[in-house]
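Student: Per UniProt numbering, the very first residue in the sequence shown carries number 1; after that it's consecutive.
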Amino acid sequence: MLNNKSILITGGTGSFGKHYTKTLLNRFKPKRIVIFSRDELKQFEMQQIFNQECMRYFIGDVRDRDRLKMAMNGIDYVIHAAALKQVPAAEYNPTECIKTNIAGAENVIHAALDNDVEKVIALSTDKAANPINLYGATKLCSDKLFVAANNFAGNKRTIFSAVRYGNVVGSRGSVVPFFQRLIDEKSDHLPVTDQRMTRFWITLQQGVDFVIKNFQRMSGGEIYVPKIPSVKITDLATAMAPDLPQKIVGIRPGEKLHEIMCPGDDSHRTIEFKDHYVILPAITFRGIQGDPAINQLGEKGEFVQQGFEYNSGTNTHFLTRAEILDYNKAEIQ
């Protein structure tokens, strides 16, 4: 479905954008891939790896609506990956986080509508479900904006959905490269925030594949959540450095012990499929018609039980220490 299509990725020089680009070039024959980001050095470095004829590099910030409109001219599909994501940084710089994650999301929506883009998927996060930190709160606002965008699209063909998943193994700023750096530097311990802490775990490739698949599934307004395993932070540390002691350092500002991707309060509009969940929009609009438990690929799901919550601490699938190492190795390859 992506052959001969023009695709734009906001925040395209990040971990997700680079892996998404690699996958597109390996599996499809896109007409154009537009990398939209604000860091010229990262774009230059990415150009050294991805310099195919279809590649375009567009310097700009999602805070700049006019620049986005220009970049989206002739674009078919948009993946909105740009965001300020570091939880402590967001706590200390709330206005900057709001400008990028909320105002930026609104700009992406308007630029897509003005250019008659066919489909837009925004990357969300588990921290947007029952948020306790500013980053999560801004991403919840972003999710709501993208869902509601289907309501004011009018007669335009553009539809919007979101994809929500957990910690990405090996992504920039994640705990795996942090632990690995300490191990390489011969640290005498690994710092662990809380021995009870759990997180949802997904590889970059799994995240990329999930987004590609949901472009086929979407009717507009859905929040897609993959079924993925959890890890205990202590198991991760032990798997990576079995001989290093662990030092409890306490939870950072805005952190949770466990993450949630499908809140219990949304259970009445959450549908379970074989390998994912879908949270239906709380408002009614033209997007989802007919039976919401049957998607555009003909996959059939069932509504979850009232009160169901998809929580990293009560997940039915936890990775063993050996499996954690397998995930880490898969991400490096």
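Each residue gets a CB set at the ideal place from its N, CA and C atoms; glycine is no exception.
(1) When the Cα of Asn141 is compared with those of Ala322, Ala128, Asn133, Arg67, which residue comes out closest?
(2) What is the residue span of the beta strand (DSSP E) that Ala122 lies within?
(3) Here's the rule: buried if 16 or more other CB atoms are within 10 angstroms of the residue's CB, otherwise exposed. What is Ile248?
(4) Report the three-state DSSP secondary structure of Ser174 (helix, strand or coil).
(5) Mapping the DSSP letters down to three states, classify His189 as helix, strand or coil.
(6) Of all the options Lys139, Glu255, Tyr327, which has the alpha carbon lying nearest to the alpha carbon of Pro88?
(7) With burial defined as no fewer than 16 other Cβ atoms inside 10 Å of the residue's Cβ, what is the status of Glu222: buried or exposed?
(8) Taking a contact to mean a Cβ-Cβ separation below 7 Å, would you say Asp167 touches Arg199 in this structure?
(9) Does the stretch 19 to 28 come into contact with the stretch 182 to 189, if we say contact requires no fewer than three beta-carbon pairs (one atom in each stretch) closer than 8 Å?
(10) From which residue to which residue does the alpha helix (DSSP H) around Thr284 run?
(11) Tell me which same chain residues have a C-beta within less than 6 Å of the C-beta of Phe50, skipping the five on either side of it?
(12) With a threshold of 16 other CB atoms inside 10 Å of the CB of Tyr92, please say whether the residue is buried or exposed.
(13) So, do the stretch 145 to 154 and the stretch 278 to 286 have three or more beta carbon pairs nearer to each other than 8 Å?
(14) So, with DSSP's three-state summary, where would you put Pro226?
(15) In whole angstroms, give me the CA-to-CA distance for Gly104 and Ile294.
(16) Using only the alpha-carbon positions, how far apart do Gln206 and His276 sit?
(17) Tell me which residues share the same chain as Gln333 and place their Cβ nearer than 7 Å to its Cβ, disregarding the 5 neighbours each side in the sequence.
(18) Would you say the stretch 302 to 313 touches the stretch 261 to 268, given that touching needs at least three Cβ pairs under 8 Å?
(19) Over what stretch of residues does the alpha helix (DSSP H) that includes His110 continue unbroken?
(20) Looking at Thr158: is its Cβ nearer than 7 Å to the Cβ of Ala112?
(21) I think residue 334 touches Ala81, with their Cβ atoms under 8 Å apart; what is that distance to the nearest whole Å?
(22) Compare the C-alpha of Glu272 against each of Pro281, Lys300, His258, Glu96 and name the closest.
(23) Go ahead and label Ile7 buried or exposed: buried means 16 or more other beta carbons lie within 10 angstroms of its beta carbon, across all protein chains shown.
Tutor: The answer reads as follows:
(1) A small fix is needed here, since residue 141 is Cys in this sequence, not Asn. Closest option to Cys141, Cα to Cα, is Ala128.
(2) 119 to 123
(3) exposed
(4) In the structure shown, Ser174 falls within a coil segment according to DSSP collapsed to helix, strand and coil.
(5) coil
(6) Out of Lys139, Glu255, Tyr327, Glu255 has the C-alpha closest to the C-alpha of Pro88.
(7) A residue is called buried once 16 or more other Cβ atoms fall within 10 Å of its Cβ, and Glu222 is buried on that count.
(8) Going by the sequence as given, residue 167 is Asn instead of Asp. In terms of Cβ geometry, Asn167 and Arg199 form a close pair [threshold 7 Å].
(9) No contact exists between the stretch 19 to 28 and the stretch 182 to 189.
(10) It is not in any alpha helix (DSSP H) - Thr284 carries neither H nor E in the DSSP assignment.
(11) Thr21
(12) Classification for Tyr92: exposed.
(13) yes
(14) strand
(15) 32 Å
(16) 12 Å
(17) In this predicted model, Gln333 has a pLDDT of only 49, less than 50, meaning its place in the structure is not dependable enough to derive any value.
(18) yes
(19) Membership of His110 in the alpha helix (DSSP H) is indicated by the continuous run 104 to 114.
(20) The answer is yes: Cβ separation under 7 Å.
(21) The structure shown has nothing for residue 334, since the chain only spans 1 to 333.
(22) Lys300
(23) buried
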